[in-house]
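Colleague: Handing you a structure now.
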Amino acid sequence: MEGKKFSQVGRSVTRIDGPAKVKGEAIYTDDMVMARMAHGKIKRSTYAHAFIKNIDYSKALALPGVLAVITGEDAPNKWGIVPQTANEVTLAVDKVRFHGEGVAAVAAIDEETAEEALDLIEVEYEPLPVLLDPFESMKRAGEILIHENEPDNVLHQGEQLFGNPDQAFAGCKYVLEKKFYTSYVNHAFLEPHSSLAHYDPQNGQLQLWSSNQVPHYLHRQLSIVMDMPMNKIRVILPAVGGGFGGKGEASSSDFCAALLSRKTGRPVRVTYDRNEVFVTNKGRHPCHMKMKIGLDQNGYIQAVDFDNTLDGGAYAGWGMVVMFYTTSMIHLPYKVPNARARVRRVYTNKPTCGAMRGLGGVQPRYAMECLLDELAEMMGVSAYELKMKNAVESGYRSVSNLHVPHTEYKKCLQTVVENSGYLEKHGKQPFGKGIGLAGGYYISGTAYTLYLSYKPHTTVLIRVDTEGGVTVHCAAADIGQGCNTVMAQMAAEVLGVNYEDVHVVSGDTELGTFDLGSFASRVTYASGVAIKEAARQINDKLFEVAAGMLSCRAEQLEVRDRRFYSVFEPKKNIEWEKVVDVYTNTVGTLTGIGHFSPPRLKGIDLTRGERVQGANIGHSPTFGFSAQAIEVDVDVETGKVRVTKVTEAGDCGQAVNPMSVEGQVEGSIMFTLGQALYEEMHLDEDGRMMNACLHHYKVPTVMELPEMDTTIVDSYDPTAPFGVKESGEGPVQPTIPAIANAVYDAIGVRFTELPITPEKVLKALKEKQGK
Amino acid sequence: MKQQLIQLEINNQLYEIPVTPRDLLVDVIRKKVGITGTKKGCGEGDCGACTVLMDGAPVLSCLTLAITCQGRKIITIEGLADEQGALHPIQQSFLDHGAVQCGFCTPGMILTTKALLDKNPHPDQTSIKRGIAGNICRCTGYKKIVEAIGAAADRIATREVK
Amino acid sequence: MYLDEFEYYAPKTADETFELAGRLGSQAKVLAGGTDLILNMKQSLLKPQCLIDINGVKEFQGLIYEAGKGAVIGAATKISELEHSAVLRDKYFALHQAARELGSTQVRAMATIGGNICNASPAAETSSPLVALGTKVVINSAAGERELPLEDFIIGNRKTALEQGELLVKFLLPEPAPQTASCYTNIGLRNAMEIDAVNMAVNLTLEADNRTVKVLRLVMGSVAPRPLVSVEVPALLVGQALNSNLIEKAAAAAAGEAQPISDIRATAEYRREAVFVLSRRVLQEAFNAAQEV
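Chains A, B and C are the protein sequences, given in the same order. Under this note's numbering, the first residue of the first sequence is numbered 1, with each subsequent residue one higher. Under this note's numbering, the first residue of the second sequence is numbered 1001, with each subsequent residue one higher. Under this note's numbering, the first residue of the third sequence is numbered 2001, with each subsequent residue one higher.
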């Protein structure tokens, strides 16, 4: 299976779950019905920072139809997606740290009653001063602590040093340092969180159906919160209506449903209202960044200095990981020989930030791509030339020990510049029209699990028999990105059958084999490796049987189009089913099992004998790349920025399903365009979110859709299964800086703060006019 | 409050359903009739996931009282495929063009599309966009949805099937 | 997000409706399209004990135009009907434009013009064009009918001149004078499903010479608690032959008259700036259109 002569991989097949979805037959968690099912709702705090003096829920319990009420005391075990910093609780214990934090939960016979019961729960608060700015948080840590055990109001800080940046800067001809700010945004997936728990008192087993993208991590957290062994818990994902990282941990809906189920002896479902999705957040970290880049006289990057204060909100969550990712992301996609990064992730009394598409990358990418654009101008060369000069190539190893086995980043840049006419347009259009260029990359899976473990990150079990045909088992999470389809294609490729022949059992910790989850764009690569191994085992066994049936040697055979062929005598061939039948009769059900473990870089860089900084966060077996040229039309009188065209070229390695890849790229661009121009969560001075609704939180509608020209560049990563990389987080990286650079080209103003609203544009234009 | 029986015609079938006036159409469809293709994305009329067709026009079932729908023809996503289960050209087109990812916006999007094409069988790009502007999608970026709708219009026109 | 229980009434005639409204008084709210009312009830901002559903009363629906006399629009007429009305497109263009921009396809299929006006949000789409067009409203109750200019009907932020037991039943739009054109514009962050930061409508009548302004009404929305009818713009422009300088002056005057606030959608400063730009554009557009009538 070497080379790129694929038959199933590379097909733009219809999604496996597509027909159910267009018919409205796909079952999401809130669609499920169970006998005696009760409904849960969470009471949320009306203070951003306060002690809880008392909770009186007697009146709620007395309301007819109410079955149970729980508070923080019912689940005191702390949980957290990053175990070293686990400081979250299901419901607030002793104090609330953000406006909207859950303080109690009710189970009732229907949702109306549950909602009514919330009003009957009386909570007495003792308000505390509210910290809404990370710098204020740090400054006033002496008087106000958000977490008693974090004396600086800082979750974690880090400093990384590679080479000698100060010396390098001193020798640079062009040096530029600027501050950047990225905004407080939410994933706004269409399906609100929903969790249905069924605790069986007779056998002590808990089943949880959840709108979630990391069944395994959820499984672990449930075990901690419920104080139950993992082998008594089963997590099942029904159809999931989008995640984008926001469902990449556990939600209080999961824990409340489980606890209430155990307490009432009935299945309990908790589904969030849209405002709850906003206030529980776990969206992108606002970053207050300072970045300095130095170029030598020939335009080669000599040093990058990066300082980042991440506004993390009330709890830890993914925070530490995001923080270290921002430091990692400065080392690619350009060659950076010297670097310093100083970062800190700070607590504030705001809904917590977490993982969001392209985590830790989008923010420094904005800074870097804008700085390079400006440095190019200082140098008198095109941004394209500057990027091409510094772009990494296959085999590159960064000073931070990131290894890029394969890249077509330069081809992405070339393609985008050609297709968009960037060089002909940049600097040459009438005032108000502009084009901007930016690039980016992302990981294809992480190097480590979030908790210390040596087990494989993904295991795939393939079962072949005469009854079921081919079934792929893997507890991976299809959240709409189409990983079930892709797994089926890859399995079909190796087994020599058609995609349509393959069943996939996924998203179930009992029926599926171990998988870490859908995040960091890991699933295609990880499952691809495991599938290849599992399928190879199956083929080994089937080839022997086929060889016997064809009277030739097993090594002479290949399998394709559902037949085994002798490569030397193609007339010797036999149907795949017949071989399976014989094997099954003589041996039994045929299985293969494959595992994927990412290359585990030691804490020491063996070539330099130095300890690798940054806890190896940001390392990945391979990386995907994207370049974008974006054109804007600015209404200079009203400040409205309209994106008219996006030209993109991406390196995702071999596209398993090109149509799916295009969907990920187009989706990434519109998703991020929202953050660039329209989206921002606003809090008032008491820390209450003012626009926790889709009315006032402006995600892009179809009316904002620009012309889009995307290209999957010809690429194949020889180190990757089927040559694949990632697509779905790489393409979010260039969008914001490309828009910012385009606005600069259009009106001569560089925006270093998001979102770029009409108001900011108009103000800047007037200031410029005034000069 | 005492429930009263109302009659709703959903997907060409008559249902007798006990409701009180406050019951929202989306909840009655999902919980009392028991068909869950109609989705709840925001509950405030801003996402379009709850769209159903009411006498052919797309409406937001999360802002509609069930009791006001008597005597009206309601079509949900479940009513679009034909009696033998063959997909409506719009549904087929969404599949063929990769316009479905997580699928949560899909039922509402398809029904809004049906209303659009019923009224305007040959919409240009602008009309298509205006037609579905009330349906939010966070996954696809809309491009393939717009393409699927254009293709469905062509398909319907050549087949003269509605 | 669930409603409290309420009594539901579905009258079939206007008289039945007035009787109910009179009897139930402040306990009842009128249900037309529901896009504002049901939303407010879900958010617990309103908790009426009774709802009077007027969608079954045919007398409250429909658009009738009589050449020379003008148009009569039933208060319960759907925005979608107005969007597609040829009469509005030809004779009352500002209202046609506003109807097209309101909400989304779904919202337009549900919402009514009466609901949009009676909700009396300062950002309502249809109030500025209707006021610009010189619309009168007909209010009815068990006690009888009365008429009011629309700008006197909307008295403040979410406040109308309706007394207890009264309903807004009709909009009366006068026949447009010869050489008249009207125009509507708005600005928001996105291009759809927007609540405007600013909206504006102009109704302009030219003299027979096709250049001099005979009658001019400019009405701004979202920059005051109620539709702001400009006094200075007509004062500057009536009796004048329009040119771009004059229009610019008028736009500045309009910006000065606006009383915008800062809120989650925009700052007062930006709104004022937007009024300046939009007035200039909408006056120019109306002028161009009036010349071609």
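A virtual CB, placed ideally from N, CA and C, is assigned to each residue, including glycine. Keep in mind it's a predicted model, so treat the numbers as computed, not measured.
#1: Where does residue 1016/B sit, in a helix, a strand or coil, going by DSSP?
#2: Unbroken alpha helix (DSSP H) runs of length 4 or more, entirely within the segment 2182 to 2251 of chain C: which are they?
#3: Alpha carbon to alpha carbon, what distance is there between residue 204/A and residue 316/A?
#4: The beta strand (DSSP E) with residue 1039/B in it runs from where to where?
#5: Would you say residue 1138/B reaches chain C, if we count a Cβ-Cβ gap shorter than 8 angstroms as a contact?
#6: How would you label residue 2243/C, buried or exposed, when you count the other beta carbons within 10 angstroms and need 16 or more for buried?
#7: Look up residue 2050/C in the DSSP assignment and say whether it is helix, strand or coil.
#8: Excluding the 5 residues flanking residue 1152/B on each side, which residues of the same chain have their C-beta closer than 6 angstroms to its C-beta?
#9: Give me the chain B residues within the contact set of residue 2035/C, using Cβ-Cβ distance strictly less than 8 angstroms, ordered along the chain.
#10: Could you work out which residues of chain A lie near residue 1132/B, taking near to mean beta carbons separated by less than 9 angstroms?
#11: For the segment 2245 to 2270 of chain C, which residues have a beta carbon sitting closer than 7 angstroms to at least one beta carbon of chain A?
#12: Please confirm whether residue 67/A and residue 108/A have their CB atoms less than 8 angstroms apart.
#13: Look at the alpha carbon of residue 388/A and the alpha carbon of residue 331/A, and state the distance between them as a whole number of angstroms.
#14: Please return the same chain residues whose Cβ sits closer than 7 angstroms to the Cβ of residue 745/A, not counting the five positions on each side in sequence.
#15: Do we get a CB-CB distance below 8 angstroms when we pair residue 1096/B with the residues of chain A?
#16: According to DSSP, simplified to helix, strand and coil, what is residue 2002/C?
#17: For residue 826/A, which residues in chain B fall below 8 angstroms Cβ to Cβ?
#18: Looking at the unbroken beta strand (DSSP E) that takes in residue 1058/B, where does it start and where does it end?
#19: Just list the beta strand (DSSP E) runs in the segment 93 to 149 of chain A, keeping only unbroken ones of 3 residues or longer that don't cross its boundaries, in chain order.
#20: Chain B beta carbons: is any one of them nearer than 8 angstroms to that of residue 16/A?
#21: Alpha carbon to alpha carbon, what distance is there between residue 2142/C and residue 2030/C?
#22: Whose Cβ in chain C lies nearer than 7 angstroms to the Cβ of residue 1079/B?
#23: Mind pulling the chain A residues with CB within less than 9 angstroms of residue 1091/B?
#24: From the beta carbon of residue 698/A, is the nearest beta carbon of chain C less than 8 angstroms away?
#25: Pick from 540/A, 88/A and 56/A: whose alpha carbon is nearest that of residue 120/A?
#26: Which residues of the segment 259 to 286 of chain A have a Cβ closer than 7 angstroms to any Cβ of chain C? Give them in chain order.
#27: Along the chain, where does the beta strand (DSSP E) containing residue 209/A start, and where does it finish?
#28: Here's the rule I'm using: 16 or more other beta-carbon atoms within 10 Å means buried, otherwise exposed. How should residue 2015/C be labelled?
#29: So residue 2123/C and residue 2222/C are supposed to be a Cβ contact under 8 angstroms. How far apart are they, rounded?
#30: Which same chain residues, not among the five before or five after residue 2061/C, have their C-beta less than 6 angstroms away from its C-beta?
#31: Once DSSP output is grouped into helix, strand and coil, what is the label at residue 599/A?
#32: Count the other CB atoms, across all protein chains shown, that sit within 10 Å of the CB of residue 193/A; report buried if there are 16 or more and exposed otherwise.
#33: Taking all protein chains shown into account, do 16 or more other C-beta atoms lie within 10 angstroms of the C-beta of residue 201/A, making it buried, or fewer, making it exposed?
#34: Beta-carbon separation of residue 118/A and residue 106/A under 8 angstroms?
#35: Taking the DSSP output, what are the residues bridged to residue 177/A?
#36: Between 2001/C, 2035/C and 2105/C, which lies nearest to residue 702/A when the distance is taken from Cα to Cα?
Modeller: The answer reads as follows:
#1: In the structure shown, residue 1016/B sits in a strand (DSSP, three-state: E or B).
#2: Qualifying alpha helix (DSSP H) stretches, in chain order: 2232 to 2237.
#3: Each residue's alpha carbon lies about 31 angstroms from the other.
#4: Neither: residue 1039/B is in no beta strand (DSSP E) and is coded neither H nor E.
#5: It does not: the Cβ of residue 1138/B has no partner Cβ on chain C nearer than 8 angstroms.
#6: Using a 10 angstroms sphere on the CB of residue 2243/C, the tally of other CB atoms stays under 16, which defines it as exposed.
#7: If DSSP states are grouped into helix, strand and coil, residue 2050/C belongs with the strands.
#8: Hits under 6 angstroms: 1089, 1090 and 1093.
#9: Those within 8 angstroms of residue 2035/C in chain B are 1045, 1060 and 1063.
#10: Simply 701 and 702.
#11: Residues 2264, 2266, 2267 and 2270.
#12: Closer than 8 angstroms, so yes.
#13: Going by the C-alpha atoms only, they are around 15 angstroms apart.
#14: 426, 427, 434, 435 and 436, listed in sequence order.
#15: Yes, because at least one Cβ of chain A sits closer than 8 angstroms to the Cβ of residue 1096/B.
#16: The DSSP-derived three-state label of residue 2002/C is coil.
#17: Nothing about residue 826/A can be reported from this structure: the residues present for chain A run from 1 to 771 only.
#18: 1057 to 1060 is the extent of the beta strand (DSSP E) around residue 1058/B.
#19: Within the segment 93 to 149 of chain A, the runs of beta strand (DSSP E) at least 3 residues long that lie entirely inside it are, in chain order, 102 to 108 and 122 to 127.
#20: Chain B contact via Cβ: absent.
#21: Between residue 2030/C and residue 2142/C, the C-alpha separation is close to 15 angstroms.
#22: What residue 1079/B touches in chain C: nothing, since even the nearest Cβ is about 17 angstroms away.
#23: Below the 9 angstroms Cβ cutoff, chain A contributes 19, 22 and 23 as neighbours of residue 1091/B, in chain order.
#24: With 8 angstroms as the cut-off, residue 698/A counts as an interface residue toward chain C.
#25: When 540/A, 88/A and 56/A are compared, the shortest CA-CA separation from residue 120/A is found for 56/A.
#26: Cβ contacts with chain C come from 273.
#27: Per DSSP, the continuous beta strand (DSSP E) segment holding residue 209/A begins and ends at 205 to 210.
#28: By the 10 Å Cβ count, residue 2015/C comes out exposed.
#29: At roughly 4 angstroms, the Cβ-Cβ gap stays under 8 angstroms, so residue 2123/C and residue 2222/C are in contact.
#30: The residues are 2074, 2076 and 2077.
#31: In the structure shown, residue 599/A sits in coil (DSSP, three-state: anything other than H, G, I, E or B).
#32: Counting Cβ neighbours within 10 Å, residue 193/A comes out buried, since at least 16 surround it.
#33: With fewer than 16 Cβ atoms within 10 Å of its Cβ, residue 201/A is classed as exposed.
#34: Closer than 8 angstroms, so yes.
#35: For residue 177/A, which the question treats as bridged, DSSP gives the partners 292/A.
#36: Residue 702/A has its Cα closest to that of 2105/C, out of 2001/C, 2035/C and 2105/C.
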